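K.L.:
Under my numbering, the residue at position 190 of the sequence shown is numbered 190, and the numbers go up by one with no gaps.
This is the structure I have questions about; it appears just below.
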Amino acid sequence: MNYRHHFHAGNFADVMKHVLLLQLLTRLNLKDKPYRYVDTHGGAGKYDLSTSAAQKSGEFLNGIHRLVKLDDSITRNAPAGVQQYLKIVNEMREGSGKGAYPGSPWFALEGMREMDKATIFEMQRDVFQQLYMNIRDRRAGLHERDAYEGLLGVIPPKEKRGLVMIDPPYELERKDFPQLVELLCAAYRKWPTGCYAVWYPIKDRAMIDRFEKKMIKTGIRRQLVCEICVWPDDTPVGLNGCGLLVINPPWKFSEDADEALQWLFPHLRMSENGGHAAVRWLVGE
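Shown next, in the form of structure tokens:
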């Protein structure tokens with residue numbers, strides 16, 4: 001996998017991450033008080049799937065491309081989070097061309113309210129410049145900064161409630177993601193009531209098992225695992241599936257997530273046999 005997101009924009013993993021992101025924000029929106037959204041690796045905020053990089057990988061063909069090709073009679077019965085996701089994608093495609101696809105900061109700002117604020121990090125200079133051009137929203141503060149040190153400087157936010165979305169370049173992680181576990185522990189110590197959503201790739205089940213054991217040992221409570229694997233675990237492809245680990249998920253988010261993933265799975269699966277979509281508690285109350 002190439003860590004630059006424009007190679008992977010719109011793939012099945014993006015679909016999963018962005019649908020669940022919108023569902024998390026919808027749950028946060030139910031309370032009157034404002035919140036802060038923090039995106040640790042914001043990327044460019046917007047992508048063009050007609051570019052050579054996206055066309056070369058072709059990953060979007062088994063992600064968003066499948067969903068936009070579905071008949072309206074199918075999508076109108078999709079869960080609310082999926083419908084909201086498709087509405088945002090279609091609005092961008094209508095305004096910017098059929099190759100346009102939003103990044104997580106764009107989805108987040110569409111899902112937030114006027115009173116809510118966003119802090120978005122991106123450390124790669126060229127990508128940050130794209131982010132700066134694409135995200136022009138008074139609610140969003142953009143920071144050209146390494147989120148592994150920047151995150152701890154912005155939490156807890158003055159709003160006291162909110163969501164941190166973490167999707168780091170896993171080529172720079174090792175084995176069972178030790179850097180990520182360390183960051184989560186440090187962030188949780190500073191802001192134990194915050195909601196943290198951590199996206200991760202599933203290529204090797206043994207590595208994920210080690211990651212989960214490490215997270216259990218942290219002592220952090222209320223850890224929810226959301227997974228979608230479009231290939232069986234033992235398939236020798238670059239990416240069999242992906243997960244979203246959510247710490248302190250909002251009330252009833254687990255039900256939203258399960259409904260969405262069960263609907264998405266048959267439309268995104270790559271094999272008639274094997275693969276799965278599941279939501280489970282790694283650590284309870």
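Cβ coordinates follow ideal geometry from the N, Cα and C atoms, glycine included.
Treat the numbers as computed from the prediction; the structure is a model and nothing was measured.
(1) Indicate whether residue 111 and residue 47 have their beta-carbon atoms separated by less than 8 Å.
(2) Going along the chain, which residues of its own chain have a beta-carbon closer than 8 Å to the beta-carbon of residue 283, five neighbours each way excluded?
(3) Considering only residues of the same chain and omitting the five flanking positions on each side of residue 45, which have a CB-CB separation below 6 Å?
(4) At the level of alpha carbons, what is the spacing between residue 233 and residue 225?
(5) Judging by CA-CA distance, which residue of 19, 25, 258 is the nearest neighbour of residue 116?
(6) Decide if residue 247 is buried, meaning its Cβ has at least 16 other Cβ atoms within 10 Å, or exposed.
(7) Report the three-state DSSP secondary structure of residue 198 (helix, strand or coil).
(8) Write down the C-beta distance between residue 35 and residue 163 rounded to the nearest angstrom, noting that I regard them as a contact closer than 8 Å.
(9) Taking DSSP as the reference, what is the three-state secondary structure of residue 153?
(10) Please check the pair residue 38 and residue 151, which I expect to be a contact at CB under 8 Å, by giving their CB distance rounded to whole angstroms.
(11) Count the C-beta pairs between the stretch 240–254 and the stretch 194–202 that are closer than 8 Å, then say yes if the count reaches three, no if not.
(12) By how many angstroms is the C-alpha of residue 178 removed from the C-alpha of residue 71?
(13) Please state the DSSP three-state secondary structure of residue 220.
(14) Can you tell which of 160, 169, 184 has its C-alpha closest to the C-alpha of residue 193?
(15) Please report the straight-line C-alpha distance between residue 236 and residue 97, rounded to a whole angstrom.
(16) In three-state terms, what does DSSP make of residue 75?
(17) Kindly indicate the opening and closing residues of the alpha helix (DSSP H) around residue 106.
P.N.:
On the basis of the supplied data:
(1) no
(2) 215, 216, 220, 221, 222, 223
(3) 103, 105, 106, 131, 134, 135
(4) 16 Å
(5) 25
(6) buried
(7) strand
(8) 7 Å
(9) helix
(10) 7 Å
(11) yes
(12) 43 Å
(13) coil
(14) 160
(15) 35 Å
(16) helix
(17) 104–111
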